[in-house]
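A.B. asks: Next up is a structure, given as structure tokens.
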Amino acid sequence: MSTWLASGAASGASFLVPAAGDRLPGWMAGAFAGAGQTRGHGALLVSVLVLGAGYAVVLACRPALPASVVIGGIVALHVIFLLAPPLLSGDVFSYIAYGRLGALHGISPYRYGPDAAPHDPVLRYVAALWAHTPSAYGPLFTIPSYALGSLGIAAGLWGFKLLAAAAGLAVVAFVWRIAEARGRDPVVAAATVGLNPIFLIYAIGGAHNDLVMLAITMLGVLLACTRREAGGAAAVVAGAAVKASAAVVLPFLLLGGPQPRRAALGGLAAFAAIAALAVAVFRGSALGFASVLAHAHLVTSSSPGSDIMALIGRFPGRRPLGTGVAALVLAGLLWAVWRGADWVAGAGWALLLAAGAGSAMFGWYTIWPLPFAILTSDRRLLWATLFIQVMFVAHLVPDVVA
0 MSTWLASGAA SGASFLVPAA GDRLPGWMAG AFAGAGQTRG HGALLVSVLV
50 LGAGYAVVLA CRPALPASVV IGGIVALHVI FLLAPPLLSG DVFSYIAYGR
100 LGALHGISPY RYGPDAAPHD PVLRYVAALW AHTPSAYGPL FTIPSYALGS
150 LGIAAGLWGF KLLAAAAGLA VVAFVWRIAE ARGRDPVVAA ATVGLNPIFL
200 IYAIGGAHND LVMLAITMLG VLLACTRREA GGAAAVVAGA AVKASAAVVL
250 PFLLLGGPQP RRAALGGLAA FAAIAALAVA VFRGSALGFA SVLAHAHLVT
300 SSSPGSDIMA LIGRFPGRRP LGTGVAALVL AGLLWAVWRG ADWVAGAGWA
350 LLLAAGAGSA MFGWYTIWPL PFAILTSDRR LLWATLFIQV MFVAHLVPDV
400 VA
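Counting from 1, position 311 in the sequence shown corresponds to residue 310 in numbering that gives the first Met the number 0; the numbering is continuous, with no gaps.
The following block contains the structure:
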């Protein structure tokens, strides 16, 4: 089924590869070019449902499955979605465009959007929404993007896809190690993350930097769970310097770890080092991504937050109300961890809140809490995470029946 979806996406222009527009070039189609027939919305829904059913069977039958079979399946599926064209998102071309702005045009991606270089050929593949928007990604992602972007558009695309697949496998490996450290079944933990259909199709297939953020953050969780709190906090700060979403994990680590002072010092040291690097590279625009995040307001039809707002209707204070409720929930989670609750579970709930409570939610957002959810004894977090993924998939149905 995975190969069927990947080959269909690589066989011609379709909604599965939105960056291609009305013509899918061979360099974008990749290894599966011409291997199948173009697929529609129904094919995506069927693929997600079939992969989801297989996912459920594997988790239910775990005692009968050798670890080698599970690991082999995870690696094989990562390779398939690595070789697929950029699925269901053109964000990877924004990454390339930001890198090319800095590396080839001498323009800070924290001051200007990709259209600041109007003659760069990558601009035709960047979504109109992002063409004029400066980068919202942290310096530990933007600086490496200079190198990948300067390689050329095709090489940059496959470089980012390789980075995403490697980061996905790293997330699985760290989850395995954390599960062992916390006395949980590492095979179940790895399968829950590495065989998740949304993780594979949307995050790996789309080459999203959320995977890089998660890999570094889960390294931090591993370090903190093995009594290396300073390194753990430093890694979480580094994860937030890729994508800011990881920042919500840090206060839970600081409150829940046995040595909060060491963790705080590690986090501060990492922040100072990253800030110095950002100033050296970007100078006065080093904090530009923070401004973009502060003013961004995306709305998607697949967001639970949007669904709730639709029920509220035109109530004029709905956005401040939503922000206030989210802040109260976050404060309650922190209070519970301070009183002795599992900080990994608290961080997972906070990431779930960040993924689902806003007005915009994409498939790759829903993977943020997944590694945390399988590493705790709070089954509600796992079910809630899978529920918002089901809600996201449910929004595909109108496109199929239209």
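Built from N, CA and C at the ideal position, the CB exists for glycine as well.
On a predicted model such as this, the values are computed, not experimentally measured, just so you know.
Hey, how far is the Cα of VAL211 from the Cα of PRO368?
C.D. replies: 14 Å
A.B. asks: Taking 8 Å as the cut-off, does the region 51-58 touch the region 183-195 (at least 3 CB pairs, one atom from each stretch)?
C.D. replies: yes
A.B. asks: Quick one, are the C-beta atoms of VAL16 and PRO120 less than 8 Å apart?
C.D. replies: Not closer than 8 Å, so no.
A.B. asks: Helix, strand or coil for MET0? Go by DSSP, reduced to three states.
C.D. replies: coil
A.B. asks: ALA8 to LEU86, Cα distance in whole Å?
C.D. replies: 8 Å
A.B. asks: Are the CB atoms of LEU327 and ALA349 nearer to each other than 8 Å?
C.D. replies: no
A.B. asks: State the DSSP-derived secondary structure class of HIS104, mapped to helix, strand or coil.
C.D. replies: helix
A.B. asks: Put THR365 into one of helix, strand or coil per three-state DSSP.
C.D. replies: helix
A.B. asks: From the DSSP output, in three-state form, read off LYS160 for me.
C.D. replies: helix
A.B. asks: Can you have a look at ASP341 and say buried or exposed, based on whether 16 or more other CB atoms are within 10 angstroms of its CB?
C.D. replies: buried
A.B. asks: Please work out which residues of its chain come closer than 7 Å, Cβ to Cβ, to GLN258, disregarding the five sequence neighbours upstream and downstream, and give them in chain order.
C.D. replies: GLU228
A.B. asks: Can you give me the start and stop residues for the alpha helix (DSSP H) that ILE203 sits inside?
C.D. replies: No alpha helix (DSSP H) contains ILE203, which DSSP labels as neither H nor E.
A.B. asks: Within 8 Å of any Cβ in chain D, is that where the Cβ of ALA127 sits?
C.D. replies: Structure shown: chain D not included; a single protein chain is present.
A.B. asks: Measure the C-alpha to C-alpha separation of PRO24 and VAL336 and round it to an integer number of angstroms.
C.D. replies: Rounded to whole angstroms, PRO24 to VAL336 spans 51 Å at the Cα level.
A.B. asks: So what's PHE140 in DSSP terms, helix, strand or just coil?
C.D. replies: helix
A.B. asks: Our contact map puts SER284 next to ARG110 with C-beta atoms below 8 Å; I'd like the distance itself, whole angstroms only.
C.D. replies: 5 Å
A.B. asks: If you draw a straight line from the alpha carbon of ILE311 to that of LEU222, how long is it in whole angstroms?
C.D. replies: Caution applies to ILE311, whose pLDDT of 44 falls short of 50 and renders its modelled position unreliable; the model cannot decide the point.
A.B. asks: Using the three-state DSSP reduction, which class does GLY219 fall into: helix, strand or coil?
C.D. replies: helix
A.B. asks: Determine the extent of the alpha helix (DSSP H) in which HIS77 is found, giving its start and end residues.
C.D. replies: 66-82
A.B. asks: Since ILE200 and VAL74 are thought to touch, with beta carbons under 8 Å apart, how far apart are those beta carbons, to the nearest angstrom?
C.D. replies: Contact check for ILE200 and VAL74: beta-carbon distance about 16 Å, past the 8 Å limit, so the pair fails to qualify.
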